[in-house]
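**Student:** Pasting in a structure now, in C-alpha cells, and then I'll have a few things to ask.
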Amino acid sequence: MPDDAGTNRGKSQVGPDARSAEILARLKSMRQQDAPTHGGRVLSYVYDPGSDILDELAGKAMELARPLNGLDPTTFPSIAQMEKELTRFAIGLTGGRVGRIFGSVTSGGTESCLLAVKTARDLWRSAHPDSTLRPRLLTSTTVHAAFQKAAKAFDLDWDPVPVGPDGRVRARDVLGRLGDDVALVVLSAPAYPTGAIDPIAEVARRTRERGIALHVDACFGGLALPWWGTDEQWDFSIPGVTSISADFHKFGYAPKGVSVLMHRGRKRHRAQFFATSSWPAYPVVNPTLLGSKSASPLAAAWAIVSYLGQEGYAEAVASCRKSTEAIIAAVDGIDGLQVWGRPTGPALALIADTSVPTARRVDPHRLADAAVAAGFRLQHQPGFTQSDGTRLPRSVHLTITPVTETVLPELLTTVSQAADRVRGRRPHNASLAGRLARMLYPSPKRPGPGVCAMLLRLSGAGSGVPGKMAGLMALIEALPAPVTEALLTELLARTSED
Ligand SMILES: Cc1ncc(COP(=O)(O)O)c(C=O)c1O
Numbered sequence: 000m001p002d003d004a005g006t007n008r009g010k011s012q013v014g015p016d017a018r019s020a021e022i023l024a025r026l027k028s029m030r031q032q033d034a035p036t037h038g039g040r041v042l043s044y045v046y047d048p049g050s051d052i053l054d055e056l057a058g059k060a061m062e063l064a065r066p067l068n069g070l071d072p073t074t075f076p077s078i079a080q081m082e083k084e085l086t087r088f089a090i091g092l093t094g095g096r097v098g099r100i101f102g103s104v105t106s107g108g109t110e111s112c113l114l115a116v117k118t119a120r121d122l123w124r125s126a127h128p129d130s131t132l133r134p135r136l137l138t139s140t141t142v143h144a145a146f147q148k149a150a151k152a153f154d155l156d157w158d159p160v161p162v163g164p165d166g167r168v169r170a171r172d173v174l175g176r177l178g179d180d181v182a183l184v185v186l187s188a189p190a191y192p193t194g195a196i197d198p199i200a201e202v203a204r205r206t207r208e209r210g211i212a213l214h215v216d217a218c219f220g221g222l223a224l225p226w227w228g229t230d231e232q233w234d235f236s237i238p239g240v241t242s243i244s245a246d247f248h249k250f251g252y253a254p255k256g257v258s259v260l261m262h263r264g265r266k267r268h269r270a271q272f273f274a275t276s277s278w279p280a281y282p283v284v285n286p287t288l289l290g291s292k293s294a295s296p297l298a299a300a301w302a303i304v305s306y307l308g309q310e311g312y313a314e315a316v317a318s319c320r321k322s323t324e325a326i327i328a329a330v331d332g333i334d335g336l337q338v339w340g341r342p343t344g345p346a347l348a349l350i351a352d353t354s355v356p357t358a359r360r361v362d363p364h365r366l367a368d369a370a371v372a373a374g375f376r377l378q379h380q381p382g383f384t385q386s387d388g389t390r391l392p393r394s395v396h397l398t399i400t401p402v403t404e405t406v407l408p409e410l411l412t413t414v415s416q417a418a419d420r421v422r423g424r425r426p427h428n429a430s431l432a433g434r435l436a437r438m439l440y441p442s443p444k445r446p447g448p449g450v451c452a453m454l455l456r457l458s459g460a461g462s463g464v465p466g467k468m469a470g471l472m473a474l475i476e477a478l479p480a481p482v483t484e485a486l487l488t489e490l491l492a493r494t495s496e497d
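Start counting the sequence shown at 0; every next residue gets the next number (numbering that gives the first Met the number 0).
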C-alpha cells in the first residue's frame, strides 16, 4: 500500500475517478511482475481454458455476486440455488445419484480435504466412544499435503503408505495397515506428484467390509477424469467410496475459491456441519471452515458450468488429452529423460532415466531451470525419502490444460532443447548453505528466522527467482524436514514483510 493510502480521500487535487484510475494503474503495474496466468506457459497453479468468453462471463458473474455474504444462504437464496446446481453437476460426474450423495461448496481443495478428514474423525469418534486409540489417517505417500495439514489441525496420526518406484501405491500395502484406529483412508484420482490414480476399487472392497471410511481426493481430476476415457475406477460407482472432493477452480476453470466435497448419505454430510446457538448472537450454522465468505467464486463456477455443460468440458478434456499424449510421446524420444510411472489424466512428472549411464541422464530440475529461458515454467518437485527409507526421485510436474495445445510445438521443442543443454550435467548438490545447515543442525531442530534468512542468502535461493529453483530444491533434499520447513516458512514470510 502506498504511504499516502487513503489520506487524500476527499481533499485530493484529483477527482474520485482519477484517484481510482491511479490505484488501478498501480495494481496493473504490480501485476506485471506476476507469472502469466494465460497462454499455457505456466504448467502449474493456473487452469486456462483459453477462452476470453469464459473469462468475461466469470468476471461478470463474480461482480453480480460480489456484495453477497455466503455465510447465510437463507438471506441470499441465490447462493443456495447456485450451490444446489453446482453440487448436482458434480454428483452426476462422479458416479453418484442425487438423493444418495450430498455435497457442499467449499473455498478450495485444501478446505475440502480438511473437512473430509474432520468429518471422518468426528464420525469415527462417535462410533468409538470408549476407544483409547488415537484416530489414524491412512493415505498413500503421494496424497496432497493438505492431508498432513488436516491431520495436524484435527489431531490424527498421519500414516503415509510408501509408493513403489513407479509412484503408485500398492493396494496390499494399504490394506496391510488397516486397523480399528483408522478413521479415514485417503487415495487420489489422480495424485498430484505423479498423475497416477491409486488402486481405489481394490482398497474400497476391504474398507467397506470393515466399515472404514474412504475418501477419494479428486480435487485435481474430478472435473477431467469423467471425460478422459479411462477404465480405472475412482468414483462413487465404487460402493466403498464414502466421500469425494473435486475442485471447480482447477479443471472446472473457475477463478480460485471453489471446490465441492461430497459424501455418501445424509448422515455423513450432516457430520460436516458446525452448528451452535450457544452464544448471545445469531445462531451459527455452516458446512465450511469459513464463516463470512465471498459468493463470487461460486457464482463464477456456476456460470462457467452453465455455459460449458458436459459437452464443453468434454471438448476441453479432449484437448488436454491430446497434449498430454503428445508430451509423453515426445519425452519417450528424449535420451536420459522419462515420464514417471503411468499417469492417467492431465498431469505428469518427468524424471531422469536412470537406466542410461549418468553421462546421458537429464536432471529434471536443471531441465526446468533451462526451460525458463524460453518462457516455460515447469514445477520442481524435490526428491523424497519415504517412511520405509525408499527414495522417490526428484521430478518436474506439468499440469496440462486446454491452452497447452496452443503452445504445444514450442513446449516440445523447449523440453527437447533444454534436455540437450543439460544432459549429463550432475544434479545440483546442496551447496555451501546445505553443508553449513547440516553442520549447525545435525539433529532435526528448527532454526530461528535469523539463521534461516542467512542460509537462504548463502544458498542464493532466497529470491525464488524462476530459473534458479534447482539450488533451493537441492537444499530441501539435503536437509532434515524441520530445517527445510523453517527455511520455507522464512522464505515465504519475508515476501510480504517490510
Ligand atoms: C490432488 C489435490 N488435492 C488437493 C489439492 C489442494 O487444492 P488447493 O490448492 O485448491 O487448496 C491439490 C492442489 O493441487 C491437488 O492437486
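Even glycine gets a Cβ: it sits at the ideal position worked out from N, Cα and C.
What's the gap between the Cα of A145 and the Cα of L113?
**Tutor:** Here residue 145 is taken as the residue at index 146 of the sequence shown, counted from 1. Here residue 113 is taken as the residue at index 114 of the sequence shown, counted from 1. Computed Cα separation, rounded: 7 Å.
**Student:** Tell me where the beta strand (DSSP E) around L224 begins and ends.
**Tutor:** Locating residue 224 in the sequence shown gives position 225, where the first residue counts as 1. Segment 224 to 227 is the alpha helix (DSSP H) holding L224; no beta strand (DSSP E) there.
**Student:** Ligand 1 and K151: does the residue's C-beta get closer than 8 Å to at least one heavy atom of that ligand?
**Tutor:** Along the sequence shown, one-based indexing puts residue 151 at 152. At a threshold of 8 Å, K151 does not count as near ligand 1, since its beta carbon sits no closer than that to any of the ligand's heavy atoms.
**Student:** I'd like to check one pair, I326 with L347: are the Cβ atoms closer than 9 Å?
**Tutor:** What you label residue 347 is simply residue 348 of the sequence shown in a count that begins at 1. What you label residue 326 is simply residue 327 of the sequence shown in a count that begins at 1. Yes; because the gap between Cβ atoms is below 9 Å, this pair is in contact.
**Student:** In this structure, how does DSSP classify Q337 when only helix, strand and coil are distinguished?
**Tutor:** Here residue 337 refers to the residue found at position 338 of the sequence shown. Strand at Q337.
**Student:** Quick check: D158 and R135, are their CB atoms within less than 9 Å of each other?
**Tutor:** Counting from one through the sequence shown, the residue named residue 158 turns up at place 159. Counting from one through the sequence shown, the residue named residue 135 turns up at place 136. Yes, these two residues count as a Cβ contact at 9 Å.
**Student:** So, using beta-carbon positions, are F235 and T93 closer together than 9 Å?
**Tutor:** Looking up residue 235 in the sequence shown gives position 236. Looking up residue 93 in the sequence shown gives position 94. Yes; because the gap between Cβ atoms is below 9 Å, this pair is in contact.
**Student:** Please identify the residue among A149, V215, L260 whose C-alpha is closest to the C-alpha of A190.
**Tutor:** Along the sequence shown, one-based indexing puts residue 190 at 191. Of the listed residues, the one whose Cα sits closest to A190 is V215.
**Student:** Just the Cα atoms here: how many angstroms apart are K83 and R263?
**Tutor:** Numbered from 1 along the sequence shown, position 84 holds the residue referred to as residue 83. Numbered from 1 along the sequence shown, position 264 holds the residue referred to as residue 263. Going from the Cα of K83 to the Cα of R263 covers about 16 Å.
**Student:** Let me make sure I understand the geometry here. Which of V330, R171, D180 has the alpha-carbon closest to that of D129?
**Tutor:** Locating residue 129 in the sequence shown gives position 130, counting from the first residue. Taking only the C-alpha atoms, the option nearest D129 is D180.
**Student:** Indicate the three-state DSSP secondary structure (helix, strand or coil) for H379 in the structure shown.
**Tutor:** Locating residue 379 in the sequence shown gives position 380, counting from the first residue. In the structure shown, H379 sits in a strand (DSSP, three-state: E or B).
**Student:** Is E55 near ligand 1, with its Cβ less than 8 Å from a heavy atom?
**Tutor:** To locate residue 55, count along the sequence shown from 1; it is residue 56. The answer is no for E55.
**Student:** Looking at the secondary structure, which residues open and close the alpha helix (DSSP H) in which V202 lies?
**Tutor:** Taking the sequence shown and counting its residues from 1, one reaches residue 202 at position 203. Start and end: 199 to 209.
**Student:** When the Cα atoms are used, what is the spatial distance from V316 to Q309?
**Tutor:** Working through the sequence shown from its first residue, we reach residue 316 at position 317. Working through the sequence shown from its first residue, we reach residue 309 at position 310. In a straight line, the C-alpha of V316 is about 11 Å away from that of Q309.
**Student:** The beta strand (DSSP E) that contains V173, what's its start and end?
**Tutor:** In the sequence shown, counting from the first residue as 1, residue 173 sits at position 174. In this chain, V173 is not harboured by any beta strand (DSSP E); it is covered by the alpha helix (DSSP H) spanning 170 to 174.
**Student:** Would you call L366 buried or exposed, if buried means 16 or more other Cβ atoms sit within 10 Å of its Cβ?
**Tutor:** As a position in the sequence shown, residue 366 is number 367, starting the count at 1. Per the 10 Å Cβ criterion, buried.
**Student:** Could you tell me whether the Cβ atoms of L222 and A188 are closer together than 9 Å?
**Tutor:** Taking the first residue of the sequence shown as position 1, residue 222 is located at position 223. Taking the first residue of the sequence shown as position 1, residue 188 is located at position 189. Cβ atoms of L222 and A188: not closer than 9 Å.
**Student:** Please state the DSSP three-state secondary structure of D180.
**Tutor:** Your numbering for residue 180 matches position 181 in the sequence shown. D180: coil per DSSP, three-state reduction.
**Student:** Cβ of H143 within 8 Å of any heavy atom in ligand 1?
**Tutor:** If you number the sequence shown from 1, residue 143 lands on position 144. Remark: the shortest separation between the CB of H143 and any heavy atom of ligand 1 falls under 8 Å.
**Student:** Check each candidate in C319, A328, V330, Y252 and name the one with the smallest Cα separation from S305.
**Tutor:** Position 306 of the sequence shown, counting from 1, holds the residue named residue 305. Nearest of C319, A328, V330, Y252 to S305, Cα basis: Y252.
**Student:** With the cut-off set at 9 Å, would you say S291 and P254 are in Cβ contact?
**Tutor:** Locating residue 291 in the sequence shown gives position 292, counting from the first residue. Locating residue 254 in the sequence shown gives position 255, counting from the first residue. The answer is no: Cβ separation not under 9 Å.
**Student:** Candidates S293, V338, E409: which alpha carbon is nearest A370's?
**Tutor:** In the sequence shown, residue 370 corresponds to position 371, counting from 1. With distances taken between Cα atoms, A370 lies closest to E409.
**Student:** Can you tell me where the beta strand (DSSP E) holding I326 begins and where it ends?
**Tutor:** Residue numbering aside, residue 326 sits at position 327 when the sequence shown is read from its first letter. Here I326 belongs to no beta strand (DSSP E); instead the alpha helix (DSSP H) covers 295 to 331.
**Student:** Helix, strand or coil for T403? Go by DSSP, reduced to three states.
**Tutor:** Looking up residue 403 in the sequence shown gives position 404. Reduced to three states, the DSSP call for T403 is helix.
**Student:** Have a look at the DSSP bridge pairing and note the partners of W123.
**Tutor:** As a position in the sequence shown, residue 123 is number 124, starting the count at 1. For W123, which the question treats as bridged, DSSP gives no partner whatsoever.
**Student:** Starting from P15, trace the beta strand (DSSP E) in both directions and tell me its first and last residue.
**Tutor:** On the sequence shown, residue 15 is found 16 positions in, with the first residue counted as 1. It is not in any beta strand (DSSP E) - P15 instead sits in the alpha helix (DSSP H) that spans 15 to 30.
**Student:** Going by DSSP, what residue range makes up the alpha helix (DSSP H) through T141?
**Tutor:** Within the sequence shown, residue 141 is the residue found at index 142, counting from 1. Premise fails: T141 is in no alpha helix (DSSP H) and is neither H nor E.
**Student:** Tell me the rounded alpha-carbon separation between A351 and Q378.
**Tutor:** Your numbering for residue 351 matches position 352 in the sequence shown. Your numbering for residue 378 matches position 379 in the sequence shown. Whole-angstrom Cα-Cα distance: 15 Å.
**Student:** Could you tell me whether any Cβ in chain C is nearer than 9 Å to the Cβ of R120?
**Tutor:** Among the protein chains of the structure shown there is no chain C, as only one such chain exists.
**Student:** Mark P282 as exposed unless 16 or more other C-beta atoms lie within 10 angstroms of its C-beta, in which case mark it buried.
**Tutor:** As a first step, residue 282 must be located in the sequence shown, where it is residue number 283. Its Cβ having fewer than 16 others within 10 Å, P282 is exposed.
**Student:** Inspect the CB distances between the region 392 to 400 and the region 27 to 46 and report whether three or more fall short of 8 Å.
**Tutor:** Touching, per the Cβ criterion.
**Student:** Rank A358, R376, S19 by C-alpha distance to the C-alpha of R420 and give the top, closest one.
**Tutor:** Stepping through the sequence shown from its first residue, residue 420 is reached at position 421. Nearest of A358, R376, S19 to R420, Cα basis: A358.
**Student:** Between which two residues does the alpha helix (DSSP H) carrying F88 extend?
**Tutor:** Here residue 88 refers to the residue found at position 89 when the sequence shown is read from its first residue. 76 to 92 is the extent of the alpha helix (DSSP H) around F88.
**Student:** How about G256 and S293: are their beta carbons less than 9 Å apart?
**Tutor:** Your numbering for residue 256 matches position 257 in the sequence shown. Your numbering for residue 293 matches position 294 in the sequence shown. Contact: yes.
**Student:** Compute the Euclidean distance between the alpha carbons of D362 and V414, then round it to the nearest angstrom.
**Tutor:** If you number the sequence shown from 1, residue 362 lands on position 363. If you number the sequence shown from 1, residue 414 lands on position 415. Distance between the alpha carbons of D362 and V414: 12 Å.
**Student:** Please work out which residues of its chain come closer than 6 Å, Cβ to Cβ, to S119, disregarding the five sequence neighbours upstream and downstream, and give them in chain order.
**Tutor:** Within the sequence shown, numbered from 1, the residue matching residue 119 stands at position 120. In the sequence as presented, Ser is not what sits at residue 119; that position holds Ala. Only A182, L183, A212 meet the Cβ criterion.
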